[in-house]
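*Asks:* The structure under discussion is supplied below as structure tokens; questions concerning it will follow.
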Amino acid sequence: MPNPQITKPITTIVQHIREKERSFPGATGDLSWILSGIALATRIIQSYVRRAGIADVLGEVGTENVQGEMVQKLDLVANETILRCLGYRDIVGIMVSEEDDEPTIVKSPGGAGKYIVLFDPLDGSSNIDVNVSIGTIFSVLSCRDDVDESRGALPHCLQRGVEQVAAGYVVYGSSTVMAYTTGNGVHMFTLDPLIGAFVLHTDDIQMPNVGRMYSVNEAYYDSFPEGVREYLTWAKSSEGGGYGLRYIGSLVADFHRTLLKGGVFLYPPTAKNPSGKLRLLYEANPLAFIAEQAGGAATDFKERILDKQPDALHARTPLLMGSQSEVDRVMSFMT
Ligand code: AHM
Ligand code: MG
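Okay, here's the thing in structure tokens:
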């Protein structure tokens, strides 16, 4: 029988990042302030997710977002929640959401509002109505100090992934889990619903270097690049040793499994999405930062994701990420 007694110290997410910050002389505490805002927002979002079907949050709003996708009610609730929870934190200057065409300037980027929070408020929208895991993904950048303020928010936002100062995600699955990095490893927390706090369960998590699992929407097989098709044929063959396939259709959940169990996630260019489907700034970059910090890798099949220079706020990218040796294996088929 499991022992219900608490046998180890309880560390909440805010406590955790404060302790980490203390080991860096001169740390300002800014990131703990931002992460606590994200923790608050995602606790609120999960409360809606858990009551979906009871609260009036299921179904489409009837409009399309900037990506041309139908907006779901829960997308809007999540977006508003994050904007309201973080927009009032004095150090946040700009917020960028998958749901909004333009960046939202909440405070002068050159002054007090020195951070940019970029996010996909509710990833995996097509799974909302069917009670399958969905999530929130976020990335934090510092505003640039070499930008002419008259050019607005965009030049601040179009930074490469290597410039991220923090990133993370929350999965609303059978439990609510948050993972974050500030460039010092990846730390994972589970929401304790009884006390309403994210409690540390794994410090400095490492992605297995090998994992015989691939995750891709194989329905697009015919329009994948030749190297990807060859890899998939190999993975299923006796030569490949028989890989397993897992695909949820929520990037955040497919990534979470890959982080814990190892394997590889692929969203290659397709006929429908020749530049890939996933968004660089608030989907690929934050997860690539986490993947690398956990010992994994992320590429667009040509270039490291974190080195890519974004040319638009909602730029898309092909994405291949996961265990280092599995990513290398896929790349060995690309010519
Ligand atoms: P979303 O952010 O609007 O939910 O769209 C992104 C989602 C990802 O979570 C997932 O990996 C992908 O779209 C699934 O796409 P597909 O249905 O083409 O496999
Ligand atoms: Mg998404």
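Residues 2 to 336 (this note's numbering) are what the sequence shown spells out, left to right.
Even for Gly, the Cβ is constructed at its ideal location relative to N, Cα and C.
1) Just the C-alpha distance for residue 223 and residue 272, rounded to the nearest angstrom, thanks.
2) Anyone know if the C-beta pair for residue 328 and residue 253 falls short of 8 Å?
3) Specify the secondary structure class of residue 256 as computed by DSSP and reduced to three states.
4) What three-state label does DSSP hand residue 222 in the structure shown?
5) Please state the DSSP three-state secondary structure of residue 28.
6) Note down, one range per segment and in chain order, each beta strand (DSSP E) of at least 3 residues found wholly within the stretch 259-297.
7) Closer than 7 Å to a non-hydrogen atom of the ligand AHM - does that hold for the CB of residue 126?
8) Counting only runs of 3+ residues fully inside the stretch 162-189, write out the beta strand (DSSP E) ranges in chain order.
9) Less than 8 Å separating the beta-carbons of residue 118 and residue 158?
10) My understanding is that residue 154 touches residue 106, with C-beta atoms under 8 Å, so please give their C-beta distance in whole angstroms.
11) When burial is assigned at 16 or more other CB atoms within 10 Å of the CB, is residue 182 buried or exposed?
12) So within the stretch 79-164, which uninterrupted beta strand (DSSP E) runs reach at least 3 residues, ignoring any that extend past its ends?
13) Does the Cβ of residue 268 lie closer than 7 Å to at least one heavy atom of the ligand AHM?
14) Got a sec, what are the start and stop residues for the alpha helix (DSSP H) residue 310 sits in?
15) Cα-Cα, which of 124, 335, 188 and 87 is closest to residue 16?
16) Please confirm whether residue 207 and residue 88 have their CB atoms less than 8 Å apart.
17) Considering only residues of the stretch 30-63, which uninterrupted alpha helix (DSSP H) runs meet the minimum length of 4 residues and lie entirely inside it, listed in chain order?
18) Does residue 22 come out as helix, strand or coil in the three-state DSSP assignment?
19) Would you mind reading off the limits of the alpha helix (DSSP H) that contains residue 244?
20) Determine whether the beta carbon atoms of residue 39 and residue 79 lie at a separation below 8 Å.
21) Taking only heavy atoms of the ligand AHM into account, decide whether any of them is closer than 7 Å to the Cβ of residue 323.
22) On a Cα-Cα basis, can you pick out the residue from 243, 299 and 150 that is closest to residue 259?
23) So for residue 305, helix, strand or coil by DSSP?
24) Are there any heavy atoms of the ligand AHM lying less than 7 Å away from the beta-carbon of residue 255, as far as the coordinates show?
25) So for residue 332, helix, strand or coil by DSSP?
26) Spatial neighbours of residue 82 within its chain, please: C-beta separation below 7 Å, excluding the five flanking residues on both sides.
27) Alpha carbon to alpha carbon, how far is residue 268 from residue 24? Give it in angstroms, no decimals.
28) Cβ of residue 325 within 7 Å of any heavy atom in the ligand PLP?
29) What distance in whole Å lies between the Cβ atoms of residue 126 and residue 65, which are believed to be in contact at a cut-off of 8 Å?
30) Helix, strand or coil: how does DSSP classify residue 73 here?
31) By the 10 Å Cβ neighbour count, where 16 or more other Cβ atoms means buried, how is residue 85 classified, buried or exposed?
32) In terms of alpha-carbon separation, which member of 178, 121, 175 and 112 lies closest to residue 147?
33) Taking C-beta to C-beta, are residue 108 and residue 143 nearer than 8 Å?
34) Does residue 103 pass the burial test, meaning 16 or more other C-beta atoms within 10 Å, or should it be called exposed?
*Replies:* Taking the definition as stated:
1) Position 222 of the sequence shown, counting from 1, holds the residue named residue 223. Position 271 of the sequence shown, counting from 1, holds the residue named residue 272. Each residue's alpha carbon lies about 9 Å from the other.
2) Walking along the sequence shown from the start, residue 328 turns up at place 327. Walking along the sequence shown from the start, residue 253 turns up at place 252. No. Outside cutoff.
3) Translated into positions along the sequence shown, residue 256 becomes position 255. In this structure, DSSP gives residue 256 a helical state, which the three-state scheme calls helix.
4) Residue numbering aside, residue 222 sits at position 221 when the sequence shown is read from its first letter. Under the three-state reduction of DSSP output, residue 222 falls in the helix class.
5) Taking the sequence shown and counting its residues from 1, one reaches residue 28 at position 27. Looking at residue 28 - three-state DSSP - the assignment turns out to be coil, as it is neither helix nor strand.
6) Segments of the beta strand (DSSP E) lying fully in the stretch 259-297: 265-268.
7) To locate residue 126, count along the sequence shown from 1; it is residue 125. Flag set: Cβ of residue 126 near the ligand AHM.
8) Counting only runs of 3 or more, we get 167-173 and 177-182.
9) Residue 118 sits at position 117 when you count from the first residue of the sequence shown. Residue 158 sits at position 157 when you count from the first residue of the sequence shown. For residue 118 and residue 158, no; Cβs fall outside 8 Å.
10) For the purposes of this step, residue 154 is taken as residue 153 along the sequence shown, with counting starting at 1. For the purposes of this step, residue 106 is taken as residue 105 along the sequence shown, with counting starting at 1. The Cβ separation is near 5 Å, so the contact holds.
11) For the purposes of this step, residue 182 is taken as residue 181 along the sequence shown, with counting starting at 1. Residue environment: residue 182 is assigned as buried (16 or more neighbouring CB atoms within 10 Å of its CB, all protein chains considered).
12) DSSP runs (the beta strand (DSSP E)) wholly in the stretch 79-164: 93-98, 116-124 and 135-143.
13) Reading the sequence shown from its first residue, position 267 is the one you call residue 268. Result yes, Cβ under 7 Å from the ligand AHM.
14) Position 309 of the sequence shown, counting from 1, holds the residue named residue 310. Counting along the chain, residue 310 sits inside no alpha helix (DSSP H), nor does DSSP assign it H or E at all.
15) The residue labelled residue 16 in the question sits at position 15 within the sequence shown. If we check each option's Cα against that of residue 16, 188 comes out closest.
16) For this step, residue 207 is matched to residue 206 along the sequence shown. For this step, residue 88 is matched to residue 87 along the sequence shown. By the CB criterion at 8 Å, residue 207 and residue 88 fall outside the cutoff.
17) Listed in chain order, the complete alpha helix (DSSP H) runs (minimum 4 residues) inside the stretch 30-63 are 31-51.
18) Translated into the one-based positions of the sequence shown, residue 22 becomes position 21. In the structure shown, the three-state DSSP call for residue 22 is helix.
19) Counting from one through the sequence shown, the residue named residue 244 turns up at place 243. Judged by DSSP secondary structure, residue 244 falls outside any alpha helix (DSSP H); it is assigned neither H nor E.
20) For this step, residue 39 is matched to residue 38 along the sequence shown. For this step, residue 79 is matched to residue 78 along the sequence shown. Cβ atoms of residue 39 and residue 79: not closer than 8 Å.
21) The residue labelled residue 323 in the question sits at position 322 within the sequence shown. Look at residue 323: its beta carbon is at least 7 Å from all of the heavy atoms in the ligand AHM.
22) Reading the sequence shown from its first residue, position 258 is the one you call residue 259. Per the Cα distances, 299.
23) As a working mapping, residue 305 is identified with position 304 in the sequence shown. In the three-state DSSP reduction, residue 305 falls in the strand class (E or B).
24) Numbered from its first residue, the sequence shown carries residue 255 at position 254. Yes, since a heavy atom of the ligand AHM falls inside the 7 Å radius drawn around the Cβ of residue 255.
25) For the purposes of this step, residue 332 is taken as residue 331 along the sequence shown, with counting starting at 1. Looking at residue 332 - three-state DSSP - the assignment turns out to be helix.
26) The residue you call residue 82 lines up with position 81 of the sequence shown. Cβ-Cβ distances below 7 Å link residue 82 to 42, 45 and 46 in the same chain, with the five nearest sequence neighbours on each side left out; the list follows chain order.
27) Numbered from its first residue, the sequence shown carries residue 24 at position 23. Numbered from its first residue, the sequence shown carries residue 268 at position 267. Approximately 38 Å, taken between the alpha carbons.
28) The model depicted lacks the ligand PLP and carries the ligand AHM and the ligand MG instead.
29) Position 64 of the sequence shown, counting from 1, holds the residue named residue 65. Position 125 of the sequence shown, counting from 1, holds the residue named residue 126. Cβ atoms of residue 65 and residue 126 stay farther apart than 8 Å, at about 12 Å.
30) The residue given as residue 73 occupies position 72 in the sequence shown. Here residue 73 sits in strand by DSSP.
31) Your numbering for residue 85 matches position 84 in the sequence shown. Counting Cβ neighbours within 10 Å, residue 85 comes out exposed, since fewer than 16 surround it.
32) Numbered from 1 along the sequence shown, position 146 holds the residue referred to as residue 147. Selected option, being the one with the closest Cα: 112.
33) Numbered from 1 along the sequence shown, position 107 holds the residue referred to as residue 108. Numbered from 1 along the sequence shown, position 142 holds the residue referred to as residue 143. Remark: C-beta atoms of residue 108 and residue 143 do not approach each other more closely than 8 Å.
34) Position 102 of the sequence shown, counted from the start, is the residue given in the question as residue 103. So residue 103 counts as exposed.
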